[in-house]
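A.B. asks: Protein chains in written order, with UniProt numbering: chain A, 1 to 203; chain B, 1 to 203. C-beta: ideal position from N, C-alpha, C; glycine also. Dropping a structure here in structure tokens format, bear with me for questions.
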DNA sequence: TCCAACGAATACGTCTCCGTATCGGATACG
DNA sequence: CGTATCCGATACGGAGACGTATTCGTTGGA
């Protein structure tokens with residue numbers, strides 16, 4: 001008695017998640033209705049309730065899917081950094097090079113942070129993910145210092161926090177002023193500069 | 001025929017705005033009901049509809065009120081910086097010193113950015129405010145360089161953008177992990193370091 | 001003191017969305 | 001080929017929020 005999804009289920013699930021990303025990006029989480037998500041996916045609410053129990057659950061599932069993707073990307077960047085002459089570059093590239101239509105995701109993920117800020121349980125989940133992300137970044141930074149043969153003058157975890165703060169803050173500005181500040185521009189300009197700052201007075 | 005508020009109106013308005021900040025922070029913009037805001041303020045919806053035409057308008061009014069406050073704060077920081085020996089300090093302090101229970105506002109303002117990202121009209125309004133904020137910051141930075149007698153090696157407007165990005169990104173992290181990362185901690189640690197980085201190779 | 005204008009309360013109809021309970025069709029399997 | 005299970009569709013009842021139309025009380029001026 002295989003309890004797992006048989007055939008249609010995974011497809012339905014994926015299409016619901018895709019539609020959810022769309023609608024959440026357009027209308028925000030609370031503004032989105034389950035009905036519109038189902039419509040957009042080509043189903044009725046029946047499909048939704050046989051796959052999820054609530055909008056919250058769908059939201060979490062969406063986060064999980066994307067967070068796996070992000071970690072894979074970053075792990076690959078780590079591998080590349082290991083073999084590269086300039087590990088800092090791998091970090092900068094990861095931060096700045098992105099699919100333009102990821103804008104949808106930026107909207108949703110920022111809102112997910114707000115959602116987490118109001119839900120301790122979700123916050124823990126998000127915090128764990130971000131810790132994993134930071135871990136990759138820290139390892140890249142370690143490679144960087146190893147490469148120039150010096151001891152880090154500051155806590156690398158905080159540096160990683162700073163890197164993601166710059167990234168998230170930059171994204172927020174990009175969302176509001178897409179013309180003045182393209183996504184990734186801030187990182188492109190300042191992450192290298194910052195890496196230099198952190199390594200300054202060492203070499 | 002004085003059309004302006006006579007007596008009760010300003011009081012009512014202020015209490016509605018206060019309550020709105022509360023409820024928006026708790027339930028998010030779309031999650032908040034007009035009714036709950038009115039209840040919390042001690043009124044019925046009648047009061048609301050005689051002061052606003054929609055929830056959106058209330059949201060904008062809330063933003064305007066706080067944005068005046070922010071600009072005043074920052075202008076004062078600018079004045080202090082003008083007379084101080086270390087202008088960078090004024091900037092860092094402005095960024096890090098905040099009322100702890102401003103957490104409510106951080107939640108709402110971040111959501112306001114998301115709202116603006118979806119509404120070009122609102123985005124323009126927000127962009128203008130942020131431009132004014134940046135203007136103050138740029139002037140502080142100019143003082144900084146004047147003080148050490150050097151020409152800025154990078155575009156100061158971008159540096160100001162970076163400063164607010166660090167601030168906003170840091171706040172976002174603080175909201176999710178209030179224990180690991182108190183509000184303002186990131187700025188406290190890194191803004192000085194960054195100021196040093198920007199001025200490095202000059203003096 | 002009276003009255004006009006204003007501001008908040010009340011009452012009503014509507015609409016959207018939600019969740020459940022039930023049904024029908026497809027699919028996997030013997 | 002038949003059947004049991006799974007999955008999505010349909011149908012229903014209900015709750016909550018919205019916006020308006022109207023009423024009531026208060027305030028400030030004549």
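Between residue 166 (chain B) and chain A, is any beta-carbon pair separated by less than 9 Å?
C.D. replies: So, interface residue.
A.B. asks: Could you tell me which uninterrupted alpha helix (DSSP H) segments, each at least 4 residues in length, are contained entirely in the region 8 to 66 of chain A, listed from first to last along the chain?
C.D. replies: Within the region 8 to 66 of chain A, the complete alpha helix (DSSP H) runs of at least 4 residues are 8 to 27, 34 to 41 and 45 to 49.
A.B. asks: Tell me the rounded alpha-carbon separation between residue 89 (chain B) and residue 196 (chain A).
C.D. replies: In a straight line, the C-alpha of residue 89 (chain B) is about 22 Å away from that of residue 196 (chain A).
A.B. asks: What's the call for residue 173 (chain B), buried or exposed, on a 16-neighbour Cβ count within 10 Å?
C.D. replies: By the neighbour-count rule (16 or more Cβ atoms within 10 Å), residue 173 (chain B) is buried.
A.B. asks: Using a Cβ cut-off of 9 Å, which residues of the region 107 to 120 of chain A contact any Cβ in chain B, in chain order?
C.D. replies: If the cut-off is 9 Å between Cβ atoms, the region 107 to 120 of chain A has 107, 110, 111, 113, 114, 115, 116, 117 and 118 near chain B.
A.B. asks: In whole angstroms, what separates the C-alpha of residue 103 (chain B) from that of residue 114 (chain A)?
C.D. replies: Cα to Cα, the separation comes out at about 12 Å.
A.B. asks: How should residue 9 (chain A) be labelled, buried or exposed, when 16 other C-beta atoms within 10 angstroms of its C-beta is the threshold for buried?
C.D. replies: Exposed is the call here.
A.B. asks: Specify the secondary structure class of residue 151 (chain A) as computed by DSSP and reduced to three states.
C.D. replies: Coil.
A.B. asks: With 9 Å as the threshold, decide whether the Cβ of residue 46 (chain A) is near any Cβ in chain B.
C.D. replies: Taking Cβ atoms only, chain B never reaches closer than 9 Å to residue 46 (chain A), which makes this a no.
A.B. asks: Between residue 35 (chain A) and residue 45 (chain A), how many whole angstroms is the CB-CB distance? I'm expecting something under 8 Å.
C.D. replies: Right, the Cβ-Cβ distance comes to about 6 Å (below 8 Å), so this counts as a contact.
A.B. asks: Can you give the Cα-Cα distance for residue 183 (chain B) and residue 162 (chain A), rounded to whole angstroms?
C.D. replies: Taking the straight line from one Cα to the other gives about 13 Å.
A.B. asks: Which same chain residues end up closer than 7 Å to residue 107 (chain A) when comparing Cβ atoms and leaving out the 5 residues on each side of it in sequence?
C.D. replies: Contacts found: 25 and 175.
A.B. asks: Which of the three DSSP states is assigned to residue 85 (chain A) in this structure?
C.D. replies: Coil, per DSSP.
A.B. asks: Once you ignore the five residues that flank residue 126 (chain A) on each side, which residues in its own chain have a CB closer than 8 Å to its CB?
C.D. replies: 63, 112, 113 and 116, listed in sequence order.
A.B. asks: In angstroms, rounded to a whole number, what distance separates the CA positions of residue 157 (chain A) and residue 138 (chain A)?
C.D. replies: One C-alpha to the other measures close to 6 Å.
A.B. asks: Taking only beta-carbon atoms, is residue 183 (chain A) less than 9 Å away from chain B?
C.D. replies: Chain B, which has no Cβ nearer than 9 Å to the Cβ of residue 183 (chain A), makes this no.
A.B. asks: Starting from residue 28 (chain B), find everything on chain A with Cβ-Cβ shorter than 7 Å and list it in chain order.
C.D. replies: Here the neighbours are 30 and 114.
A.B. asks: Determine, using beta carbons only, whether residue 123 (chain B) comes closer than 9 Å to chain A.
C.D. replies: So yes, residue 123 (chain B) belongs to the interface.
A.B. asks: Helix, strand or coil for residue 181 (chain B) per DSSP?
C.D. replies: It is coil, neither helix nor strand.
A.B. asks: When the Cα atoms are used, what is the spatial distance from residue 18 (chain A) to residue 31 (chain A)?
C.D. replies: Spanning the two alpha carbons is a distance of roughly 17 Å.
A.B. asks: Leaving aside the five residues before and after residue 190 (chain A) along the sequence, list all residues of the same chain whose C-beta is less than 7 Å from its C-beta, in chain order.
C.D. replies: Once the five neighbours on either side are set aside, the close Cβ partners of residue 190 (chain A) are 166.
A.B. asks: For the alpha helix (DSSP H) holding residue 102 (chain A), just list the boundary residues, first then last.
C.D. replies: Premise fails: residue 102 (chain A) is in no alpha helix (DSSP H) and is neither H nor E.
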